[in-house]
Amino acid sequence: MAAEAETASTEPLLKTPFHARHVAAGARMVPFAGYDMPVQYPAGIMAEHNWTREMAGLFDVSHMGQAFLVGPDHETTARALEALIPADIVNLPPGKQRYSQLLNEEGGILDDLMVTRSADSDEDGALLLIVNAACKIADYAHIEARLPANVKLVKAEHRGLIALQGPKAEEALAALNPEAAEMGFMTLRTLKLGGVKANVSRSGYTGEDGYEISAAADRIGEIWDALLLDARVKPIGLGARDSLRLEAGLCLYGHDIDTTTSPVEAALNWSIQKRRREEGGFPGAARIQREFAEKPDRVRVGLLPEGRAPAREGADIATADGTIVGKVTSGGFGPTLNGPCAMGYVAREHAAPGTKLDLIVRGKPLAATIAAMPFVPNRYKR
162 MAAEAETAST EPLLKTPFHA RHVAAGARMV PFAGYDMPVQ YPAGIMAEHN WTREMAGLFD
222 VSHMGQAFLV GPDHETTARA LEALIPADIV NLPPGKQRYS QLLNEEGGIL DDLMVTRSAD
282 SDEDGALLLI VNAACKIADY AHIEARLPAN VKLVKAEHRG LIALQGPKAE EALAALNPEA
342 AEMGFMTLRT LKLGGVKANV SRSGYTGEDG YEISAAADRI GEIWDALLLD ARVKPIGLGA
402 RDSLRLEAGL CLYGHDIDTT TSPVEAALNW SIQKRRREEG GFPGAARIQR EFAEKPDRVR
462 VGLLPEGRAP AREGADIATA DGTIVGKVTS GGFGPTLNGP CAMGYVAREH AAPGTKLDLI
522 VRGKPLAATI AAMPFVPNRY KR
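In terms of the numbering used here, the numbers along the sequence shown are unbroken and rise by one, the last being 543.
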């Protein structure tokens, strides 16, 4: 699932269906994308990160936007969405999920999102969209203004969303419904979990195997409680969610991708299928097709600083002679990696793995090497 950036606001903070549970569990709550969210529990970010890598972490992601795009049949709905994103949705099989980006006319990224087609033939004209919390109001307005008359956006604000991530996620969820173990990566099923009907996808944003579970907001707490009765499962806050996605080389909207970056610059080429690359027909297609053919001037890369000091977002990236060739967009300490890691954009001629560069941290150069991502191997269920 796509993650998102923190935003400052003077508006009262919203609460997810799990707010009271977080407070009761001793979570440290912080403002995040307009919501009061748990950044960590008493065990701390490092322990929560490691638990997710070794067992199963349970995340509240109900702040994300959930909506259905509904038309008379799949092709009509899919083509309406394809006019806004570069992914091939027409050929998305029933019960499958795809990652994509909502683009502006210049090919910049307005948001990244997940698109899922139901496996139920009775829902053939519906697509489930999951977007970032900080962007959802703007996303919905953007989409609605560009839909044909026979396709509607239906906001699913009555639903909550949780993510169960880690190597023990399958065992823990299968204890509630054995069908969970049968699911493949990026597939969706409707399952009963502890007596509650839920849409379950095998996906997530940690680099680990796991699931995202959507259910009615007034019932999803029952699933949360049932999962936490399992000794393999612990609640995890936003702090560990960020360190996990960084080690997995996954973009954070508003940091690693934004309205100035294209999917090709962001090294998200894999998310644009061959038909769309060739046919175009989406916003910014001319730019993106040109970048596929000629390569972009800059590209998102992984960076491994030497030593133990992390380089944070905004740090300049320079050559040995001090020439600035890029900027860090995300950075921190990787608990599993046992060292610092970062992502950023550099001029294409400096993007090859193994290239030595300096990260300017507090005015001083910190030696670093361009590295392939993910920094920690992904363990998605294949």
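Backbone N, C-alpha and C define an ideal beta-carbon position, used for all residues, glycine too.
query: Cut-off 6 Å between Cβ atoms - residues of its own chain near Glu-165, not counting five sequence neighbours on either side; result: With a pLDDT of 47 at Glu-165, under the threshold of 50, the modelled position of this residue cannot be trusted; read the value that follows with caution. Excluding positions up to five away in sequence, the list reads Ala-194, Asn-293, Ala-294, Ala-295, Tyr-414.
query: Assumed close pair Glu-408, Pro-328 - CB separation to whole angstroms, cut-off 8 Å; result: Actually they are not in contact, since the Cβ atoms of Glu-408 and Pro-328 sit about 15 Å apart, beyond 8 Å.
query: First through last residue of the beta strand (DSSP E) which encompasses Gly-492; result: 485-495
query: Pairwise C-alpha distance: Pro-192 and Ala-169; result: Per-residue confidence for Ala-169 stands at a pLDDT of 46, beneath the threshold of 50, marking its modelled position as unreliable; the derived number appears in the next sentence. Cα to Cα, the separation comes out at about 8 Å.
query: Exposure of Leu-390, with buried meaning 16 or more beta-carbon neighbours within 10 Å; result: exposed
query: N- and C-terminal bounds of the beta strand (DSSP E) containing Tyr-301; result: No beta strand (DSSP E) holds Tyr-301; the alpha helix (DSSP H) holding it covers 297-305.
query: Residue-level contact to chain C via CB, Arg-437, 8 Å cutoff; result: Absence of chain C from the displayed structure is noted, only one protein chain being present.
query: Span separating the alpha-carbon of Asp-234 from that of Asp-249; result: 16 Å
query: Endpoints, alpha helix (DSSP H) assigned at Glu-452; result: 446-455
query: Spatial distance of Ala-330 from Tyr-372 (CA atoms); result: 7 Å
query: Alpha carbon of Ile-374 to alpha carbon of Asn-360, nearest angstrom; result: 6 Å
query: Inter-stretch contact at 8 Å, needing at least 3 Cβ pairs: the stretch 495-512 / the stretch 207-216; result: yes
query: Run of the alpha helix (DSSP H) containing Met-120, from where it starts to where it stops; result: Shown here, the chain extends from 162 to 543; a query on residue 120 therefore has no answer.
query: Minimum C-alpha distance to Ala-512 - residue among Tyr-541, Ile-478, Arg-523; result: Ile-478
query: Sufficient close CB pairs (3 or more, under 8 Å) joining the stretch 181-190 to the stretch 246-260; result: no
query: Rounded separation between Gln-326 and Met-347 - CA only; result: 14 Å
query: Own chain partners of Ile-384 with C-beta closer than 8 Å, once the 5 adjacent residues on each side are dropped; result: Ile-323, Leu-337, Leu-354, Gly-355, Val-357, Ala-359, Ile-374, Ala-376
query: At least three beta-carbon pairs within less than 8 Å, the stretch 438-449 to the stretch 469-477; result: no
query: Inter-residue CB distance, Gly-584 and Lys-488 (contact presumed, cutoff 8 Å); result: Lying before the first or after the last residue shown, residue 584 is absent from the chain, which here runs from 162 to 543.
query: When Ala-401, Glu-426, Ala-428 are compared against Gly-368, the one with the closest alpha-carbon; result: Ala-401
query: CB of Ile-274 within 8 Å of CB of Leu-230, strictly; result: First, the amino acid is wrong: residue 274 is Leu here, not Ile. No, Cβ-Cβ distance for Leu-274 and Leu-230 is not below 8 Å.
query: Reference Tyr-202; option with closest CA among Pro-538, Arg-182, Ile-291, Glu-439; result: Arg-182
query: Per-residue DSSP class, three states only, for Asn-430; result: helix
query: With 16 other Cβ atoms within 10 Å as the buried cut-off, status of Gly-382; result: buried
query: As assigned by DSSP and simplified to three states, the class of Asp-273; result: strand
query: Bridge partners - Tyr-541, DSSP secondary structure assignment; result: Answer is none; Tyr-541 lacks a bridge partner.
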